[in-house]
DNA sequence: AATTGGCACTCCAGTCATGCGAGTGCCAGA
DNA sequence: TCTGGCACTCGCATGACTGGAGTGCCAATT
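Residue numbers (the numbering used here), protein chains in the order written: chain A, 5 to 350; chain B, 5 to 350.
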């Protein structure tokens, strides 16, 4: 069994290794940390830690390096998430100070977070599945093109083009608008999709005038609602990976690809399990199912108008977990506060 | 002076070096290419090429490598842009086959291009500065939030939130809509911005009812028009850079950063000078002002509803210029044709 | 004048031997 | 349970050596 001091040794190893990228030896530990025991004692502890697979030696008789499991124990039991410096706090508020619409706020958030941590920053959009449709607007552009705009009460807006054969006069357009209104406004995104499906199958509607065009428009609305249902991400800081390349045994290719694909990261972020503080970490090999076995993700939940979502950072397994945890927590809190203010000012 | 055969030697060096990444020596040239002369003769030619700074030796008595200037001569005089294989052609049309709105088509284009070349693909949006405003739409969302939608006759749509103090009744809203309509509809983006500026200074308007709110809305419209005026990009394939890392003496950091920033690449693409076929290349050190001295960009103009824009690829200086030129040309032609069809079907 | 074979020379890249130092593992003693 | 001591293991840097690829140049040939 690993002793209390053994865990402190693990902490020291993680901290020093993250600091220096050098495997850390027993002598270095007694020099840099005030353990009050000799190097030989530390060595005994290290042997225990190695038995538990918390640290490993890259080569026989070289310093030790934390394993993924070691990082996990460090994060779960040893990392004290220390609050940010005041400089960092002002950095956050200067980035996020001004209000704006959701896209705007999240775009600034993600930049603030990559700035703060020097890692790839990820901000998940709040889920809109439970949001309600508040407006459906049609704008006729001529030539059979119709702009279909859908707005939810959480402030999300989507616009998309529908191609209908002919243009309509105002009366017909009004009728279609009215139909969409009764069909969708006030309904949740989920309900709306269901009602659209019903509508498209309904025999009664089939015979309605302008049915072909109306159906085309309704289908476009369904696409837009479906997009609301899917979660979305914004990311920034992919260039920082080039700086950290030495920390990846393989290449940074999988990370860059995941960043471009988005969907992998979306799934990964979705599956992470947060602790009671809303913080979560997924370390190294734990991300193997996503092809990101050399990366770690640290994330924090935030609240946005009733639904939860996450902000996080992604980087090499050898990262400064306490700082990154502190940063995502601070940003998530700030974001929650901002979005609440926004809500209450409506 | 470099002889005709000397240029063929340069071509051989460029081709072999791009192929193998090994500096190429005189012996390798006579083996791989049927010059019908001896290695010693090639050596004499190579000495000339070196005097002209078209090739260089990484170390004394090692093979030769093309210089940036050498690539330039190769691209200008030696590269025959051979047509794509039929497999590649079908790949393009299967990617780009279906019609859709502009965002959609360009998104698929950029993916097709990165697929085709294995490089970072860049597609510039057509410039909308000369486009005309065709619709301005206001959607009241309640709580003093107003969605402002602007549409141009080139099919570009922008939506943005304005924060006005209070909500309006339909009559007032109608008045504001009408004012925006007479102010902007049918005007070019450029004119529209000017007219907005005039409107905001006009003494007459100052005293109008709901002036504060109207002014807020007009300012939001101005932001949207301004966004139209700025060129935009879509990119894909940044992950491919991780694969080509060995081709960058320094790191890929500047490239990744440029991709994230976008504006650098926008300027670079804008300043490239196309030949009579609409093709352009910017090679290595020529990109130094943009911090991309180890990268090359190959681009082709395309036509979109009256305005020109570019598609291109970015990669290491050591790239397969003929293939990439062929790919961007083919994609640009395809894109032009698609957008024209789209236009004529309106 | 252009081309060629020959030859001396350069320099890279790989291999091997060597020594040093950091670090470990283990043991006997406190 | 901790400690000092000691033998041992490797990694890594250094330096010497060598083979080979490639050049540059020159005199001879066409």
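No residue lacks a Cβ here, since even glycine has one placed at the ideal position from N, Cα and C.
Beta carbon proximity, residue i to chain B, threshold 8 Å
i, result
"residue 350 of chain A", "Interpretation of residue 350 of chain A is limited by its pLDDT of 41, a score under 50 that renders its predicted location unreliable; the figure taken from the coordinates is listed afterwards. With 8 Å as the cut-off, residue 350 of chain A counts as an interface residue toward chain B."
"residue 105 of chain A", "yes"
"residue 12 of chain A", "no"
"residue 182 of chain A", "no"
"residue 163 of chain A", "yes"
"residue 25 of chain A", "no"
"residue 242 of chain A", "yes"
"residue 297 of chain A", "no"
"residue 143 of chain A", "yes"
Residue i - containing beta strand (DSSP E), residue span
i, result
"residue 61 of chain A", "That residue, residue 61 of chain A, is in no beta strand (DSSP E); it is neither H nor E in DSSP."
"residue 367 of chain B", "Nothing can be reported for residue 367 of chain B, as the shown portion of chain B is limited to 5 through 350."
"residue 256 of chain A", "Note, residue 256 of chain A: premise wrong, no beta strand (DSSP E); not H, not E."
"residue 128 of chain A", "124 to 128"
Residue i: first and last residue of the uninterrupted alpha helix (DSSP H) it sits in
i, result
"residue 178 of chain B", "174 to 188"
"residue 273 of chain B", "267 to 275"
"residue 48 of chain B", "43 to 55"
"residue 97 of chain A", "90 to 100"
"residue 246 of chain B", "244 to 247"
"residue 117 of chain A", "106 to 121"
Within 8 Å, strictly: CB atoms of residue i and residue j
i, j, result
"residue 109 of chain A", "residue 120 of chain A", "no"
"residue 288 of chain B", "residue 300 of chain B", "yes"
"residue 126 of chain B", "residue 277 of chain B", "no"
"residue 185 of chain B", "residue 140 of chain B", "yes"
"residue 265 of chain B", "residue 162 of chain B", "no"
"residue 4 of chain B", "residue 193 of chain B", "Look at the range of chain B in this structure, 5 to 350, and you will see that residue 4 of chain B is not part of it."
"residue 33 of chain A", "residue 13 of chain A", "yes"
"residue 4 of chain B", "residue 246 of chain A", "Outside the shown range of chain B (5 to 350) lies residue 4 of chain B, about which nothing can therefore be said."
"residue 113 of chain A", "residue 315 of chain A", "yes"
"residue 144 of chain A", "residue 177 of chain A", "yes"
"residue 326 of chain B", "residue 86 of chain B", "yes"
"residue 329 of chain B", "residue 16 of chain B", "no"
"residue 18 of chain B", "residue 70 of chain B", "yes"
"residue 67 of chain A", "residue 130 of chain A", "no"
"residue 252 of chain B", "residue 272 of chain B", "no"
"residue 124 of chain B", "residue 50 of chain B", "no"
"residue 201 of chain A", "residue 166 of chain A", "no"
"residue 72 of chain A", "residue 340 of chain A", "no"
"residue 128 of chain B", "residue 237 of chain B", "yes"
"residue 39 of chain B", "residue 132 of chain B", "no"
C-beta neighbour in chain A for residue i, strict 8 Å
i, result
"residue 151 of chain B", "yes"
"residue 341 of chain B", "no"
"residue 160 of chain B", "no"
"residue 248 of chain B", "no"
"residue 155 of chain B", "yes"
For residue i: DSSP bridge partner residues
i, result
"residue 141 of chain A", "A:153"
"residue 332 of chain A", "Partner(s): none; residue 332 of chain A has no beta bridge."
"residue 167 of chain A", "A:149"
"residue 320 of chain A", "A:299"
"residue 287 of chain B", "B:300"
"residue 136 of chain B", "B:192"
"residue 233 of chain B", "None, per the DSSP bridge assignment."
"residue 28 of chain A", "A:68"
"residue 312 of chain A", "A:307"
"residue 18 of chain B", "DSSP output for residue 18 of chain B lists no bridge partner at all."
"residue 201 of chain A", "None; residue 201 of chain A has no bridge partner."
"residue 239 of chain B", "B:126"
"residue 161 of chain B", "B:155"
Legend entry - Chain-ordered residues of the segment 251 to 270 of chain A with a beta carbon less than 7 Å from chain B: Hits within the stretch, in order: 255, 256, 257, 260, 261, 264.
Legend entry - Near-chain A residues of the segment 184 to 195 of chain B - C-beta to any C-beta below 9 Å: Using a CB distance below 9 Å, no part of the segment 184 to 195 of chain B faces chain A.
Inset, instruction - Could you list the residues in the segment 117 to 148 of chain B with a C-beta less than 9 Å from some C-beta on chain A, going in chain order? - result: Listed by position along the chain: 138, 139, 141, 143, 144, 145, 146, 147, 148.
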